[in-house]
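**Student:**
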Amino acid sequence: MASTVIVGGGIIGIATAYYLSEHQPGSTIHLVDSSSELFASASGYAGGFLARDWFHEDLASLGALSFDEHEKLAEQYDGREKWLYAKSVTVNYELPRKKPKGYGGKDWLSEGGSRADLVDEKGEVKDRNSPPWLKRVKGDVLSLVDEGEGTAVL
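One point on numbering: in the numbering used here, the residue at position 88 of the sequence shown is 90, and numbering is uninterrupted.
Here is the structure:
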């Protein structure tokens with residue numbers, strides 16, 4: 003049987019080798035990488051956020067397939083323990099927009115300013131839907147994007 007050489011040992015190279023190994027002996031698959039250390043480049047430092055349906059319609063089926071494949075592999079190989087795969091509740095957080103600073107001179111009132119604009123608003127906002135680690139501030143917006151069925155992290 004012919005050998006296959008895969009150039010690059012990042013996520014694409016390793017994934018290619020994995021799926022190729024289902025069709026030919028592992029001894030015929032060779033990974034070549036310029037680094038002497040595994041995951042020393044982009045794949046080793048990249049954040050592992052996965053989403054099922056955050057894709058342009060032309061790529062939606064590929065995105066869903068990829069998401070489902072990650073989930074399947076995590077179930078098959080104990081990904082929760084081995085590479086920290088986990089479904090993820092996803093929220094969108096927006097800080098309040100800064101108000102333009104008012105005029106601070108002695109003519110602040112006649113110039114249309116307000117002394118209240120000179121004070122930065124502070125104070126935490128408690129919300130039962132907030133993640134416990136998120137420090138909320140007055141005027142921010144938190145919205146639920148996904149309840150954990152269509153997003154994951156690893």
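Built from N, CA and C at the ideal position, the CB exists for glycine as well.
1) What's the C-alpha gap between D35 and Y21?
2) Could you please give the first and the last residue of the uninterrupted alpha helix (DSSP H) stretch that includes A32?
3) Looking at the structure shown, is Y87 part of a helix, part of a strand, or coil, going by DSSP?
4) Can you give the Cα-Cα distance for F51 and A88, rounded to whole angstroms?
5) With burial defined as no fewer than 16 other Cβ atoms inside 10 Å of the residue's Cβ, what is the status of S90: buried or exposed?
6) How would you label R54, buried or exposed, when you count the other beta carbons within 10 angstroms and need 16 or more for buried?
7) Could you check whether the stretch 3 to 13 touches the stretch 23 to 40, counting it as contact only if at least three pairs of C-beta atoms, one from each stretch, sit closer than 8 Å?
8) Considering only C-alpha positions, which residue in the set L144, A42, L156 is nearest to Y95?
9) Under 8 Å, do E59 and A154 count as touching if we go by C-beta distance?
**Tutor:** Let me spell this out:
1) As a working mapping, residue 35 is identified with position 33 in the sequence shown. As a working mapping, residue 21 is identified with position 19 in the sequence shown. In this structure, the alpha-carbon of D35 lies about 18 Å from that of Y21.
2) One-based indexing of the sequence shown puts residue 32 at position 30. The residue asked about is misnamed: residue 32 is His in this sequence, not Ala. Unbroken run through H32 is the beta strand (DSSP E), 31 to 34; no alpha helix (DSSP H).
3) As a first step, residue 87 is located in the sequence shown; it is residue number 85 there, counting from the start. Looking at Y87 - three-state DSSP - the assignment turns out to be coil, as it is neither helix nor strand.
4) As a first step, residue 51 is located in the sequence shown; it is residue number 49 there, counting from the start. As a first step, residue 88 is located in the sequence shown; it is residue number 86 there, counting from the start. Rounded to the nearest whole angstrom, the CA to CA distance from F51 to A88 is 10 Å.
5) Counting from one through the sequence shown, the residue named residue 90 turns up at place 88. Burial call: buried.
6) Reading the sequence shown from its first residue, position 52 is the one you call residue 54. The residue is buried, with at least 16 neighbouring Cβ atoms inside 10 Å.
7) Segment contact: the stretch 3 to 13 against the stretch 23 to 40, three or more CB-CB distances shorter than 8 Å; contact assigned.
8) For the purposes of this step, residue 95 is taken as the residue at position 93 of the sequence shown. Ranking L144, A42, L156 by Cα distance to Y95 puts L144 first.
9) Residue numbering aside, residue 59 sits at position 57 when the sequence shown is read from its first letter. Residue numbering aside, residue 154 sits at position 152 when the sequence shown is read from its first letter. Their beta carbons are not under 8 Å apart, which means E59 does not touch A154 by this criterion.
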